[in-house]
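For the sequence shown, the UniProt record's numbering gives the first residue as 1, with consecutive numbering after it.
A short write-up of the structure that comes next.
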Amino acid sequence: MPKLIGNRIVLREYRKEDLVSMRKWCNDPEIVDNLSDIFLFPHTLNGTEQYINSILEGKTEQKGFVISDKDTEEYIGQIDLFRLDWKNRSAELGIVIGIKEQLGKGYGTEAIKVLQEFVFNRLNLNRLQLEVHDFNERAYQCYLKCGFKEEGRLREKTFINGRYSDTIYMSILKREYEELHQHLI
């Protein structure tokens, strides 16, 4: 897997030592409650180890990257492509900024933009999609900033912290990415 370089971040391969950073957030409700249903919670140490090992050993179809600081390569979070569909040229995006002190600093936006370039220009996919809880306004605004459009929602799909939440489906197409990118040049 190539390293993908942004202004402040590098999207790099997972490493065994990332397990320590992942364990810090993967059972933290403040972080996990905002994640889509792709992520199973609670998460055991064994489950996290199996997840990293499956990626390192190439036993998964997903393509995953650690979001790391460009200078130190220290773990900030992770961004993954799930449900890669080569026939229809689409994938689903999952992202988490796992270090709470790094939330709200634009790392998620930058990571998505770096990954979009990879998805549309190197993998030649046509569609990148994701899902987000309706209460996760920070993520929703980030996705809009990155060119994603709301496609629909499943009303009261999940039950989190004593209330039902809608799941919002969003996507960006290659032509939309190209139009957005042309306006930035």
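Glycine included, every Cβ here is placed at the ideal spot set by N, Cα and C.
Nearest-angstrom Cβ-Cβ length linking residue i and residue j, presumed shorter than 8 angstroms
i, j, result
"SER21", "GLY98", "6 angstroms"
"ILE79", "LEU11", "6 angstroms"
"ILE9", "GLU110", "5 angstroms"
"PHE148", "LEU130", "7 angstroms"
Distance CB(residue i)-CB(residue j) smaller than 8 angstroms
i, j, result
"ARG153", "TYR177", "no"
"LEU4", "PHE65", "yes"
"ASP18", "TYR75", "yes"
"LYS113", "CYS142", "no"
"LYS59", "LEU84", "no"
"TYR14", "ILE52", "yes"
"ARG89", "ARG127", "yes"
Status (buried if at least 16 other CB within 10 Å, exposed otherwise) for residue i
i, result
"residue 200", "With the chain represented from 1 up to 185, any question about residue 200 goes unanswered, as that position is not in the structure."
"GLU179", "exposed"
"ILE95", "buried"
"LYS16", "exposed"
"ASP71", "exposed"
"PHE159", "exposed"
"GLN50", "exposed"
"LYS24", "exposed"
"GLU92", "buried"
"GLY77", "buried"
"LEU45", "exposed"
"residue 237", "Here the chain has residues from 1 to 185 only, and residue 237 is not among them."
"GLN116", "buried"
"GLU151", "exposed"
"LEU144", "exposed"
Bridge partner(s) assigned by DSSP for residue i
i, result
"VAL132", "ILE168"
"GLN173", "According to the sequence displayed, residue 173 carries Leu and not Gln. Answer by DSSP bridge pairing, in chain order: ARG127."
"GLY94", "ASP80"
"ARG163", "ILE160"
"ARG12", "VAL66"
Extent of the continuous beta strand (DSSP E) run through residue i
i, result
"THR158", "149–160"
"LEU84", "75–85"
"LYS63", "63–69"
Endpoints, alpha helix (DSSP H) assigned at residue i
i, result
"ARG138", "137–145"
"LYS100", "Run containing LYS100: none; DSSP gives neither H nor E here."
"VAL114", "107–117"
"GLY6", "Here GLY6 belongs to no alpha helix (DSSP H), and DSSP marks it neither H nor E."
"GLU49", "45–56"
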